[in-house]
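Trainee: This is the structure I want to talk about, given as structure tokens.
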Amino acid sequence: MSLLTAKSAGLRRLRGNGVLLLAGVLVLAISIVAAIGAGAVPIPGSTVFKVLVNGVVPGYFDVDWSKGREAIVWEIRFPRALLAGFVGAGLAVVGAALQSVTRNPLADPHLLGISSGAAAGAILALLHTGLFLGLMTVPLMAFAGALAATFLVLGVTRFASATSADRLVLAGVAVSFIIMAIANILIFLGDPRATHTVVFWMLGGLGLAQWAQLPFPLGILLLVAPYFLLRSADLNAMTIGDETASTLGIPVARFRLTVFVLGALITGVMVAFSGIIGFVGLMVPHIARFLVGGNYSRVLPASMMLGAIFLIWADIIARTLLSPEDMPIGIVTGLIGGIFFVLLLRSRTGQAH
1 MSLLTAKSAG LRRLRGNGVL LLAGVLVLAI SIVAAIGAGA VPIPGSTVFK VLVNGVVPGY
61 FDVDWSKGRE AIVWEIRFPR ALLAGFVGAG LAVVGAALQS VTRNPLADPH LLGISSGAAA
121 GAILALLHTG LFLGLMTVPL MAFAGALAAT FLVLGVTRFA SATSADRLVL AGVAVSFIIM
181 AIANILIFLG DPRATHTVVF WMLGGLGLAQ WAQLPFPLGI LLLVAPYFLL RSADLNAMTI
241 GDETASTLGI PVARFRLTVF VLGALITGVM VAFSGIIGFV GLMVPHIARF LVGGNYSRVL
301 PASMMLGAIF LIWADIIART LLSPEDMPIG IVTGLIGGIF FVLLLRSRTG QAH
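In our numbering, the protein residues as written are 1 to 353.
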């Protein structure tokens, strides 16, 4: 009887997960259509749908739209919406993984200094070294900067004997300030004609999205996210504590370092194409855990889906709030994330008392 009960409970969970996944895919599709339609030149959702379908199956719908609108859909807004989805999913899955291995709910790529390191590497490429490796230059330099920041944070925590999860975040914040100071020096010493573009880019933006760029963030997601999903049981164990994880046969130090390096890889590539977008990795995993529970086999895919949806809508707000001006998306996520951060601190303080 208990076996039947367990099986029925398992089936209910599977159906529940399937419903959530289907709902997530539907909301994501609607969000992409809305993102393509929104802007200084609004395009009805029905027209967006027809243009996209005709792009895949030519002649399926009779063409009742202008060439200009078709160009806006395919060449400007569709790649921008996809880039928003990739960046949101990437930053969210990194935030979820970091919160596990650091056992700190406030951990995310931005607060741990990884985003700042990636930005410094990208600025070095854009203003000083030039694109000596072609399109790969900025992503590789951003990854190198993110990786350097990661090892610097780990080095500071070891030097200061700050091994607790809270101290790790404090070390990340300190390193972030140092690296941003270095990045500002690089901007100050760079070509004044290019600094305006770089400063705008540092605030976070997706306006330069192009089809030729999309394989890089998508490829990194397809390469790294499956590793996190395959190690979801280890991430579950890490949330309990190092001792528990060690007793389960997990090489704790090596696994934590691997997560940091892979997180730096994803963050570096995302920052290279979107600039610094904060708080996505902090907020989204908490929302995912609220919706699907604490099991990382569900938290990780839910975080990726919610991260993509969140950043697409943040970009819609950034493009429409001061239309026709294109507000940096980092301002939107910073405002929302700052409020969320305060509420999270308040809830945790209440739990402590």
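For every residue, glycine included, the Cβ atom is placed at its ideal position computed from N, Cα and C.
Tell me the DSSP secondary structure of F279 in three-state form.
Mentor: Here F279 sits in coil by DSSP.
Trainee: Which runs of the beta strand (DSSP E), 3 residues or longer, sit entirely within the region 168-236?
Mentor: The qualifying runs do not exist here; there are none.
Trainee: Can you tell me which of the three DSSP states L140 falls into?
Mentor: Three-state result, L140: helix.
Trainee: On the premise that D108 lies in contact with G95, defined as a C-beta separation below 8 angstroms, what is that separation, rounded to the nearest angstrom?
Mentor: Contact flag correct, Cβ pair sits at about 4 angstroms.
Trainee: Taking the C-alpha atoms as reference points, what is the distance between K393 and F273?
Mentor: No information on residue 393 is available, as it lies outside the stretch 1 to 353 that the chain covers here.
Trainee: Are the CB atoms of V299 and I266 within a distance shorter than 8 angstroms?
Mentor: Cβ distance not < 8 angstroms, so I266 and V299 don't count as in contact.
Trainee: Using a Cβ-Cβ cut-off of 8 angstroms (strictly less than) and excluding sequence neighbours within five positions of L124, which residues of its own chain qualify?
Mentor: Around L124: M141, G145, L186.
Trainee: Looking at the unbroken alpha helix (DSSP H) that takes in D242, where does it start and where does it end?
Mentor: Its alpha helix (DSSP H) spans residues 242-247.
Trainee: Looking only at its chain, what residues have a beta carbon closer than 7 angstroms to the beta carbon of I179, apart from the 5 residues adjacent to it on each side?
Mentor: G113, S116, G117, A120, A149, listed in sequence order.
Trainee: With a CB to CB cut of under 7 angstroms and the five nearest residues on each side skipped, what residues in its chain are close to A308?
Mentor: Closer than 7 angstroms at the Cβ level, and outside the excluded window around A308, lie L28, G85, G88, A89.
Trainee: Helix, strand or coil, according to DSSP, for M270 in the structure here?
Mentor: Of the three classes helix, strand and coil, the one that applies to M270 here is helix, per DSSP.
Trainee: Roughly how many whole angstroms lie between the Cα atoms of A6 and P105?
Mentor: Confidence is the limiting factor: at A6 the pLDDT is only 48, short of 50, which leaves the residue's position unreliable, though a coordinate-based value still follows. C-alpha separation (whole angstroms): 31 angstroms.
Trainee: Using 8 angstroms as the limit for Cβ to Cβ distance, is A264 near chain C?
Mentor: Here there is only one protein chain, and chain C is not present.
Trainee: Using 8 angstroms as the Cβ pair cut-off and three pairs as the minimum, do the region 241-260 and the region 306-321 touch?
Mentor: Not touching, per the Cβ criterion.
Trainee: Tell me which residues share the same chain as G294 and place their Cβ nearer than 7 angstroms to its Cβ, disregarding the 5 neighbours each side in the sequence.
Mentor: Once the five neighbours on either side are set aside, G294 has no close Cβ partner at all.
Trainee: Is the separation between the beta-carbon of G204 and that of G330 shorter than 8 angstroms?
Mentor: Yes, the Cβ-Cβ distance between G204 and G330 is below 8 angstroms.
Trainee: Can you give me the start and stop residues for the alpha helix (DSSP H) that A118 sits inside?
Mentor: Element bounds for A118: 114-124.
Trainee: Going by other Cβ atoms of all chains shown within 10 Å of its Cβ, with 16 needed for buried, is Q99 buried or exposed?
Mentor: Buried.
Trainee: Round the Cβ separation of L306 and V198 to the nearest angstrom and send it over; I've been treating them as touching at under 8 angstroms.
Mentor: Not a contact, Cβ separation roughly 30 angstroms.
Trainee: Three or more beta-carbon pairs under 8 angstroms between the region 54-74 and the region 280-295, yes or no?
Mentor: The region 54-74 vs the region 280-295: no contact.
Trainee: When we look at the beta-carbon of H196 and count the other beta-carbons within 10 Å, is it buried (16 or more) or exposed?
Mentor: Classification of H196: exposed, given that the 10 Å Cβ count is below 16.
Trainee: According to DSSP, is H110 part of a helix, a strand, or is it coil?
Mentor: Correct three-state label for H110: coil.
Trainee: Check this for me: beta carbons of V271 and A122, under 8 angstroms apart or not?
Mentor: For V271 and A122, yes; Cβs fall inside 8 angstroms.
Trainee: Within 10 angstroms of the Cβ of M1, are there 16 or more other Cβ atoms? Answer buried if so, exposed if not.
Mentor: In this prediction, M1 scores a pLDDT of 41, lower than 50, which makes its location untrustworthy; the coordinate-derived value is nonetheless stated afterwards. Per the 10 Å Cβ criterion, exposed.
Trainee: Expressed to the nearest angstrom, what Euclidean distance is found between the alpha-carbon atoms of F177 and A183?
Mentor: Looking at the two C-alpha atoms, the distance is approximately 10 angstroms.
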